[in-house]
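*Asks:*
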Ligand code: CP
Ligand code: NVA
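Residue numbers (the numbering used here): 38 to 370.
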């Protein structure tokens, strides 16, 4: 397979072989810090795992390993796909709702991270501020994987790349238009697209633009990969000739107090039939889910023939299995 002009070797994958010594960081906090060739490698492993019979060789890869999941926000896809993925690779997952552990009664994050590191082999954390995730990573001696923060959602963006790759055959030069809130999804899509040479067009209201520092760093990465990072307030301009149209909720978890003003601000950015008409005729429609039909996307578009949202949701499982094989079971310390 060729992605980004590089052919990826079809190597028999062994999770305990450190193929790129020193290049992967202990933690997967943002895509910015994942080397480009590793992004491509994760996609390749995900494809191999998706195609592999189950139960098969991979069902022993993480035998004896345990993944903890600490979630401060609700989740369907991230939680279940990590738990199922861990089981499919021969390991176990332990869901730790943050209000059910001693953290909720004042035990420090540092003590919790250090103690959990004595029992577990990896942690997925879903939290609010990116700095809280960084605290987990700093204190834990095991890998910490970002299960969504207010700023980023890297596992989602990797699944999105896999979906575009499957549907369009390549990533380099493909135009993905993201419409609506310049939120965690938009930020990670920008980072992901910059790694693989895509044209990412963000159409957001002026007050809801993606994180400027992420945009700046991604544009630097884009100089190496040929990616284009386009930011506009014009949803039609963003969508024109796109290979993929993508949107997300207008009110993310934790922003419920702002719902009324957000509804007004984002109405012109609804992913509807008119915007789909300016994209390429074979454009696919993406949404990380959960969706609000009639708000950020019309029912006709999300449930229509161009929608790839269920493949996209399924690909969370395959990409995260690739992440688990790459990050768990290595001697990090
Ligand atoms: N897309 C996504 O992360 O979904 P969940 O909130 O259900 O995990
Ligand atoms: N932007 C959304 C994504 C949900 C998967 C949120 O943070 O709530």
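No residue lacks a Cβ here, since even glycine has one placed at the ideal position from N, Cα and C. What you are looking at is a predicted structure, and each value in this text was computed from that prediction instead of being measured.
Note down, in chain order, each residue of its chain lying with its Cβ closer than 6 Å to the Cβ of residue 214, except the 5 sequence neighbours on either side.
*Replies:* For residue 214, where only same-chain residues beyond five positions count, the Cβ hits under 6 Å are 238, 275, 276, 279, 282.
*Asks:* What is the rounded straight-line gap between the Cα of residue 203 and the Cα of residue 348?
*Replies:* Cα to Cα, the separation comes out at about 9 Å.
*Asks:* Quick one: is residue 272 buried, meaning 16 or more other Cβ sit within 10 Å of its Cβ, or exposed?
*Replies:* Classification of residue 272: buried, given that the 10 Å Cβ count is 16 or more.
*Asks:* In the DSSP output, what is residue 269 paired with across the bridge?
*Replies:* Paired residue(s): 240.
*Asks:* With a threshold of 7 Å, establish whether the CB of residue 193 neighbours any heavy atom of the ligand CP.
*Replies:* For the ligand CP, at least one heavy atom lies less than 7 Å from the Cβ of residue 193.
*Asks:* Name the residue from 331, 335, 321 whose alpha carbon lies nearest to the alpha carbon of residue 310.
*Replies:* The residue with the shortest Cα to Cα distance from residue 310 is 335.
*Asks:* Could you tell me which residues DSSP pairs with residue 103 in its beta bridges?
*Replies:* According to DSSP, residue 103 bridges with 129.
*Asks:* Quick check on the DSSP output: the alpha helix (DSSP H) that includes residue 199 runs from which residue to which?
*Replies:* Its alpha helix (DSSP H) spans residues 191-205.
*Asks:* Hey, quick one: how far does the beta strand (DSSP E) through residue 352 stretch, first residue to last?
*Replies:* Run containing residue 352: none in the beta strand (DSSP E); it sits in the alpha helix (DSSP H), 346-364.
*Asks:* Would you be able to state if there are at least three C-beta pairs under 8 Å between the region 137-154 and the region 117-128?
*Replies:* No, the region 117-128 does not touch the region 137-154.
*Asks:* Let me check you understand the geometry: is the CB of residue 227 closer than 7 Å to at least one non-hydrogen atom of the ligand NVA?
*Replies:* Answer for residue 227: no, Cβ out of range of the ligand NVA.
*Asks:* Please give the ranges of any beta strand (DSSP E) in the region 276-343, keeping only runs that are unbroken, at least 3 residues long and fully inside the region.
*Replies:* Counting whole runs of 3 or more residues, the region 276-343 contains the beta strand (DSSP E) stretches 281-284, 321-324.
*Asks:* Assuming residue 61 and residue 363 make a contact with CB atoms under 8 Å, what is their CB distance in whole Å?
*Replies:* Correct: roughly 7 Å between the Cβ atoms.
*Asks:* Under a three-way DSSP split, which group does residue 108 fall into?
*Replies:* In the structure shown, residue 108 sits in a strand (DSSP, three-state: E or B).
*Asks:* When the distance is taken between beta carbons, is residue 99 closer than 8 Å to residue 123?
*Replies:* Yes, these two residues count as a Cβ contact at 8 Å.
*Asks:* Which same chain residues, not among the five before or five after residue 359, have their C-beta less than 7 Å away from its C-beta?
*Replies:* Hits under 7 Å: 79, 82, 83, 86.
*Asks:* Considering only residues of the same chain and omitting the five flanking positions on each side of residue 225, which have a CB-CB separation below 7 Å?
*Replies:* Excluding sequence neighbours, residue 225 sits near 68, 189, 190, 191, 193, 194.
*Asks:* In terms of residues, what are the limits of the beta strand (DSSP E) holding residue 161?
*Replies:* Segment 159-163, the beta strand (DSSP E) holding residue 161.
*Asks:* How would you write the range of the alpha helix (DSSP H) that residue 229 sits in, first residue to last?
*Replies:* Its alpha helix (DSSP H) spans residues 221-233.
*Asks:* Residue 215 lies in the alpha helix (DSSP H); which residues open and close that run?
*Replies:* Here residue 215 belongs to no alpha helix (DSSP H); instead the beta strand (DSSP E) covers 212-216.
*Asks:* What three-state label does DSSP hand residue 181 in the structure shown?
*Replies:* Three-state DSSP puts residue 181 in a strand.
*Asks:* Helix, strand or coil: which one does DSSP assign to residue 145?
*Replies:* Reduced to three states, the DSSP call for residue 145 is coil.
*Asks:* Measuring CA to CA, which of 241, 350, 321, 184 is closest to residue 341?
*Replies:* Considering only alpha carbons, the answer is 321.
*Asks:* Whole angstroms is fine: what's the gap from residue 286's alpha carbon to residue 221's?
*Replies:* Residue 286 and residue 221: Cα-Cα distance of roughly 11 Å.
*Asks:* For the putative contact between residue 235 and residue 208, defined by C-beta atoms under 8 Å, what is the C-beta separation to the nearest angstrom?
*Replies:* Residue 235 to residue 208, Cβ: 6 Å. Contact.
*Asks:* From the DSSP secondary-structure annotation, give me the bridge partner or partners of residue 250.
*Replies:* Answer is none; residue 250 lacks a bridge partner.
*Asks:* Please classify residue 304: is it buried, with 16 or more other beta-carbons within 10 angstroms of its beta-carbon, or exposed?
*Replies:* Answer is exposed; the Cβ neighbour count stays below 16.
*Asks:* Looking at the ligand NVA, does it come within less than 7 Å of residue 26, judged from the CB to the closest heavy atom?
*Replies:* No information on residue 26 is available, as it lies outside the stretch 38 to 370 that the chain covers here.
*Asks:* Considering only the alpha carbon of each residue, which of 324, 233, 268, 180 lies closest to residue 253?
*Replies:* Checked all of 324, 233, 268, 180; the closest Cα to residue 253 is 268.
*Asks:* CB-CB under 7 Å to residue 288, same chain, minus the five flanking residues each way: which ones, in chain order?
*Replies:* Once the five neighbours on either side are set aside, the close Cβ partners of residue 288 are 295, 296, 299.
*Asks:* Give me the Cα-Cα distance between residue 232 and residue 133, rounded to the nearest whole angstrom.
*Replies:* Near 32 Å, if we compare the C-alpha coordinates of residue 133 and residue 232.
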